[in-house]
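**Student:** Right, I'll just put the structure down here and ask away after.
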Amino acid sequence: MASTLKASPTAIPQHKDEEEGHQKAAEADDVSMARSDMELKKKALFRSVLLLLAAGIITITVGALLTRFDKAFQLQYSSKFAISKGSSTPLHNSHSNNNNNHNDGVQNISMSDFKPATFRRNSSDYVLSAPKWTGDNIQPRTREYLWVISDVAANPDGVMRPMILINEQFPGPLIECNENDVVRVTIHNRATNATSFHWHGLFHNGSNWMDGTTGITQCPIPPGESYTYEFNTTGQYGTYWYHSHFSTQYTDGLFGPLVIHSPREPGTNRYKTDQIVMLHDHYHDLSRNKLYKYMAPDGENEEPIPDGALINGRNIRNCSTIDKKYQCNNTETELAEIYTPSGSSHRLRFINVGAFAEFELGLDEHALEVIEADGTALAPSSYHKLNINVAQRYSVIVNATSTTASEFWLRARMINHCFSKPSAVAEPEVRAVVRYSAAPVSQTKPTASGSMDVLPLPTTQPWDSNIALICKDLDGKLEPAIPMPAPTPDMLFYLRSNFEIGNYSLSRGFFNSSTWKRDLRNPALNRVSLQRNKVPKELEPEGVMHDLFNADKGMVLKVDGIKAVDLLIDNYDDGNHPMHLHGHKFWVMASGRGYFNMSDYHNIPQKGRLVRDTVTLEGFGFVLIRFITDNPGMWAFHCHNVWHAEAGLMMSLFTRPEIVKDWTLPSDLVGFCSHPNATDGYFDDIKETVPLEWRHDNGEE
Ligand SMILES: [Cu+2]
171 MASTLKASPT AIPQHKDEEE GHQKAAEADD VSMARSDMEL KKKALFRSVL
221 LLLAAGIITI TVGALLTRFD KAFQLQYSSK FAISKGSSTP LHNSHSNNNN
271 NHNDGVQNIS MSDFKPATFR RNSSDYVLSA PKWTGDNIQP RTREYLWVIS
321 DVAANPDGVM RPMILINEQF PGPLIECNEN DVVRVTIHNR ATNATSFHWH
371 GLFHNGSNWM DGTTGITQCP IPPGESYTYE FNTTGQYGTY WYHSHFSTQY
421 TDGLFGPLVI HSPREPGTNR YKTDQIVMLH DHYHDLSRNK LYKYMAPDGE
471 NEEPIPDGAL INGRNIRNCS TIDKKYQCNN TETELAEIYT PSGSSHRLRF
521 INVGAFAEFE LGLDEHALEV IEADGTALAP SSYHKLNINV AQRYSVIVNA
571 TSTTASEFWL RARMINHCFS KPSAVAEPEV RAVVRYSAAP VSQTKPTASG
621 SMDVLPLPTT QPWDSNIALI CKDLDGKLEP AIPMPAPTPD MLFYLRSNFE
671 IGNYSLSRGF FNSSTWKRDL RNPALNRVSL QRNKVPKELE PEGVMHDLFN
721 ADKGMVLKVD GIKAVDLLID NYDDGNHPMH LHGHKFWVMA SGRGYFNMSD
771 YHNIPQKGRL VRDTVTLEGF GFVLIRFITD NPGMWAFHCH NVWHAEAGLM
821 MSLFTRPEIV KDWTLPSDLV GFCSHPNATD GYFDDIKETV PLEWRHDNGE
871 E
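Anchor point for the sequence shown: position 347 equals 517 in the numbering used here, and the numbering is continuous, going up by one each time.
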């Protein structure tokens, strides 16, 4: 699995060149590749000199204040420091920074890593190239991507913050492939902290170790190291996404869309354009700083309130309303723009890539015809507004046939009534502009500074002013387009989820008596495959494993053979939980408020159930899901609210142990487990910075 790509460790690839070069390897011409390589090396060399120079100066000025200054990427770490402490170092004029010219950065050290003109990904990257991906004669191929992970200062909405990005761009690149293709993504981790990547909703049948879940299927990729993920996309199509699965890290910028095309997918001839619309809550600080505060004993389980929201990484904040501890410059910020030529139909693939907030979304004067949920094609049904919880996806078809206007607001509103302090969020709504035109060749976007040739902004009104008050899944009749009746269950497993805050102990999330504490250096999968001789595999019965795992610090549910398993979860907490099962789709047999009445259990219809991979467990509510354990491996089942997951609301499902026990895991992946930097950036690894009282009762095994 070692990288075969030729980038040198210091040559940070130019995102666009590298990415497209790999994506379109077949068309790439050697000459231009070589030229771009040379340019890259020149730029990298120049940048290295600047980095060294700047890092030297910083060492003198703020080095004494940094506790972990032995890292390779001092510059990036310092810029985080400068930002979060409200350094008075001025943000250099973004207009003067042309492309990759970092000259002016030298004058303003803390921001020398800032890339105002380049970090924002071009919107056209999220427009899918539908026509060439369809047809019955397509041959499976390998899609290659090269990603360099690094720490970057950026201001998606105007507010400068430290971020962790893929190829220095935000949000991450689109992975687009056909069913049966192989996707190969090489990660070069050049960031300060460890990382990993999970491919949300992908089955990974036969390659569970590519699932990317730290503590469960792999040890983190340490800083300075590389790893190549490779998996096939057999047996599925639709809208997915990928994200870091290392603590709360993805919310700092490590996520992006993943779309699988297939001739099997119904209705793909119904729309003219096909595009990604990612919705996300957004924080102005690194997530792990928020995590410390959240898990503090006096926190009363108050999740960090988002500072705002973004669509495809974009929003415009009014800097005069931003806390002065942040640096804010909105002259280059913009709203997301979506182009839907009039008179035709268009597919929008909504993905909630956020950390915490469920969104209610609507497009003024247009119905949203829902045709897909989490990779399951649906019998179409139309809505004016729809709810989308963290990690869920919905595709909708929009008919661009309104005669009242040519531009419309797409409104996405965080359902802040589900926040611990509903009024604490300054701007719960984020908007994008939907235009009845083709994307301009040279896109002129409305910016806060207002240029003379901006396109007009919409003046349309929302469908209604009532806002959602409850966090739950989209109400309605979401039925698979292709009938998929649920099987008869073989076993039922009951989970009780709640949060417990002991005296002076951290706030923890529980399934029954278990709160997941990741052992980052000894992932669950390694324990059942590498050490198989020690596994009392015949002795350990089906059900919760007690011999190999401490059931109170990491519940692993073992299921032998291929079975239809029911998980019934009652939620004894007021917060909702978007529950996600890795490696599987499940039937949503029942869900709602209150608690499930077992007398109904045998009367649930098996037909017409929605099949998806992320379902909302309502506050003080229940959900009953059913799935087939035909995919061998160790699969996380967890709340996708990053705060809840890190507080322990996670468990693992161990399927087909008779197959898994014979696996040999990739040696480079196993090697990370003994790497000295494998846990850099993890909560427990840096707990010397956490007050003593926070650490109580947080002991590891
Ligand atoms: Cu949760």
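Ideal Cβ positions, reconstructed from N, Cα and C, are used throughout, including at glycine. Since we're looking at a predicted model, the values are computed, not measured.
Report whether the distance from the Cβ of Asn668 to the nearest heavy atom of ligand 1 is below 7 Å.
**Tutor:** In the sequence shown, residue 668 corresponds to position 498, counting from 1. Checking every heavy atom of ligand 1 against the Cβ of Asn668, none is found closer than 7 Å.
**Student:** Could you pull the start and end residues of the alpha helix (DSSP H) that Trp813 belongs to?
**Tutor:** Taking the first residue of the sequence shown as 1, we reach residue 813 at position 643. Residues Val812 to Glu816.
**Student:** Please report how far the alpha carbon of Phe842 lies from the alpha carbon of Trp379, in whole angstroms.
**Tutor:** Along the sequence shown, read from residue 1 onward, the residue named residue 842 stands at position 672. Along the sequence shown, read from residue 1 onward, the residue named residue 379 stands at position 209. Whole-angstrom Cα-Cα distance: 13 Å.
**Student:** Does the beta-carbon of Ile585 have 16 or more other beta-carbons within 10 angstroms, so that it is buried, or is it exposed?
**Tutor:** Indexing the sequence shown from 1 puts residue 585 at position 415. Burial call: buried.
**Student:** Give me the Cβ distance between Glu542 and Ser565, rounded to the nearest whole Å; I'm assuming they're in contact under 8 Å.
**Tutor:** Within the sequence shown, residue 542 is the residue found at index 372, counting from 1. Within the sequence shown, residue 565 is the residue found at index 395, counting from 1. At roughly 4 Å, the Cβ-Cβ gap stays under 8 Å, so Glu542 and Ser565 are in contact.
**Student:** Cβ-heavy atom distance between Asn557 and ligand 1 below 7 Å?
**Tutor:** Translated into the one-based positions of the sequence shown, residue 557 becomes position 387. No.
**Student:** Sort Gly405, Asp850 and Tyr606 by Cα distance to Thr573 and report the nearest one.
**Tutor:** On the sequence shown, residue 573 is found 403 positions in, with the first residue counted as 1. Nearest of Gly405, Asp850 and Tyr606 to Thr573, Cα basis: Tyr606.
**Student:** Arg581 and Glu597: beta carbons closer than 8 Å?
**Tutor:** Taking the sequence shown and counting its residues from 1, the one referred to as residue 581 is at position 411. Taking the sequence shown and counting its residues from 1, the one referred to as residue 597 is at position 427. Contact: no.
**Student:** Can we count Cys809 as close to ligand 1, meaning its CB is less than 7 Å from some heavy atom?
**Tutor:** Within the sequence shown, residue 809 is the residue found at index 639, counting from 1. Yes, the Cβ of Cys809 comes within 7 Å of a heavy atom of ligand 1.
**Student:** If you count every other CB in all the chains shown that lies within 10 Å of the CB of Pro183, and 16 or more means buried, which is it?
**Tutor:** For the purposes of this step, residue 183 is taken as residue 13 along the sequence shown, with counting starting at 1. Confidence is the limiting factor: at Pro183 the pLDDT is only 31, short of 50, which leaves the residue's position unreliable and the question unanswerable from this model.
**Student:** Tell me which same chain residues have a C-beta within less than 8 Å of the C-beta of Arg896, skipping the five on either side of it?
**Tutor:** Only positions 171 to 871 of the chain appear in the structure, and residue 896 is not among them; the question remains open.
**Student:** Regarding His814 and ligand 1, is the C-beta to nearest heavy atom distance less than 7 Å?
**Tutor:** Here residue 814 is taken as the residue at index 644 of the sequence shown, counted from 1. The answer is yes for His814.
**Student:** If you measure from the CB of His872, is any heavy atom of ligand 1 nearer than 7 Å?
**Tutor:** The shown model of the chain, from 171 to 871, leaves out residue 872, and the question about it has no answer.
**Student:** Just to confirm, is the Cβ distance from Val793 to Met749 under 8 Å?
**Tutor:** As a first step, residue 793 is located in the sequence shown; it is residue number 623 there, counting from the start. As a first step, residue 749 is located in the sequence shown; it is residue number 579 there, counting from the start. Cβ atoms of Val793 and Met749: closer than 8 Å.
**Student:** Which of helix, strand or coil does DSSP assign to Thr421?
**Tutor:** Within the sequence shown, the letter at position 251 stands for residue 421. In the structure shown, Thr421 sits in a helix (DSSP, three-state: H, G or I).
**Student:** Taking the alpha-carbon of Tyr410 as reference, which of Ile521, Phe807 and Ser417 has the nearest alpha-carbon?
**Tutor:** Within the sequence shown, the letter at position 240 stands for residue 410. Here the closest residue by C-alpha is Ile521.
**Student:** Please report the straight-line C-alpha distance between Tyr553 and Gly713, rounded to a whole angstrom.
**Tutor:** Position 383 of the sequence shown, counted from the start, is the residue given in the question as residue 553. Position 543 of the sequence shown, counted from the start, is the residue given in the question as residue 713. Distance between the alpha carbons of Tyr553 and Gly713: 41 Å.
**Student:** Around the C-beta of Ile391, are 16 or more other C-beta atoms found within 10 angstroms, so that it is buried, or is it exposed?
**Tutor:** For the purposes of this step, residue 391 is taken as the residue at position 221 of the sequence shown. Result: buried.
**Student:** What number of angstroms, rounded off, separates the C-alpha of Met448 from the C-alpha of Phe526?
**Tutor:** Residue numbering aside, residue 448 sits at position 278 when the sequence shown is read from its first letter. Residue numbering aside, residue 526 sits at position 356 when the sequence shown is read from its first letter. Rounded to the nearest angstrom, the two C-alpha atoms are 14 Å apart.
**Student:** Which residue wins for smallest C-alpha separation from Gly483, given the options Leu690, Ala815 and Asn292?
**Tutor:** Translated into the one-based positions of the sequence shown, residue 483 becomes position 313. The residue with the shortest Cα to Cα distance from Gly483 is Asn292.
**Student:** Excluding the five sequence neighbours on either side, which residues of its own chain have a C-beta within less than 7 Å of the C-beta of Tyr664, listed in chain order?
**Tutor:** As a first step, residue 664 is located in the sequence shown; it is residue number 494 there, counting from the start. Within the same chain, Tyr664 has close Cβ partners Leu738.
**Student:** Between the C-alpha atoms of Lys642 and Lys495, what's the straight-line distance to the nearest angstrom?
**Tutor:** Locating residue 642 in the sequence shown gives position 472, counting from the first residue. Locating residue 495 in the sequence shown gives position 325, counting from the first residue. If you take the alpha carbons of Lys642 and Lys495, they lie about 35 Å apart.
**Student:** Going by the C-beta, is Leu819 closer than 7 Å to any heavy atom of ligand 1?
**Tutor:** Against the sequence shown, residue 819 aligns to sequence position 649. Yes, the Cβ of Leu819 comes within 7 Å of a heavy atom of ligand 1.
**Student:** Under a three-way DSSP split, which group does Ser677 fall into?
**Tutor:** Mapped onto the sequence shown, residue 677 falls at position 507. Note: Ser677 maps to strand in three-state DSSP.
**Student:** If you count every other CB in all the chains shown that lies within 10 Å of the CB of Arg311, and 16 or more means buried, which is it?
**Tutor:** In the sequence shown, the residue the question calls residue 311 occupies position 141. Exposed.
**Student:** Do Leu548 and Val540 have their CB atoms nearer than 8 Å?
**Tutor:** For this step, residue 548 is matched to residue 378 along the sequence shown. For this step, residue 540 is matched to residue 370 along the sequence shown. Result yes, Cβ atoms of Leu548 and Val540 sit closer than 8 Å.
**Student:** Quick check: the Cα distance between Arg332 and Ala364, rounded to an integer number of angstroms?
**Tutor:** Position 162 of the sequence shown, counting from 1, holds the residue named residue 332. Position 194 of the sequence shown, counting from 1, holds the residue named residue 364. It is Pro, not Arg, that sits at residue 332 in the sequence shown. When only Cα atoms are considered, Pro332 and Ala364 end up about 16 Å apart.
**Student:** What are the start and end residues of the beta strand (DSSP E) that includes Leu751?
**Tutor:** Position 581 of the sequence shown, counted from the first residue, corresponds to residue 751. Its beta strand (DSSP E) spans residues His747 to Leu751.
**Student:** In chain order, which beta strand (DSSP E) runs of at least 3 residues are fully inside the stretch 752-836?
**Tutor:** The qualifying runs are 756-763, 784-787, 791-798, 803-809 and 820-825.
**Student:** For the alpha helix (DSSP H) holding Leu461, just list the boundary residues, first then last.
**Tutor:** Translated into positions along the sequence shown, residue 461 becomes position 291. It spans Ser457 to Met465 - the alpha helix (DSSP H) in which Leu461 sits, taken as one unbroken run.
**Student:** Taking buried to mean at least 16 other C-beta atoms within 10 Å of its own C-beta, is His814 buried or exposed?
**Tutor:** Reading the sequence shown from its first residue, position 644 is the one you call residue 814. Result: buried.
**Student:** Cα-Cα, which of Pro711, Gly803, Tyr765 and Asn720 is closest to Ser699?
**Tutor:** The residue given as residue 699 occupies position 529 in the sequence shown. Among Pro711, Gly803, Tyr765 and Asn720, the Cα nearest to that of Ser699 is on Gly803.
**Student:** Could you tell me whether the Cβ atoms of Leu780 and Trp805 are closer together than 8 Å?
**Tutor:** The sequence position of residue 780 within the sequence shown is 610, counting from 1. The sequence position of residue 805 within the sequence shown is 635, counting from 1. The beta carbons of Leu780 and Trp805 sit no closer together than 8 Å.
**Student:** For the stretch 385-460, which segments carrying the beta strand (DSSP E) assignment without a break, of at least 3 residues, lie completely within its bounds, in sequence order?
**Tutor:** 396-402, 408-414, 425-431 and 443-452
**Student:** Taking its Cβ as the centre, do 16 or more other Cβ atoms sit within 10 Å of Ser457, making it buried, or is it exposed?
**Tutor:** Within the sequence shown, the letter at position 287 stands for residue 457. Label assigned to Ser457: buried.
**Student:** Could you compute how far the alpha carbon of Phe416 sits from the alpha carbon of Thr571?
**Tutor:** Position 246 of the sequence shown, counted from the start, is the residue given in the question as residue 416. Position 401 of the sequence shown, counted from the start, is the residue given in the question as residue 571. Distance between the alpha carbons of Phe416 and Thr571 is about 44 Å.
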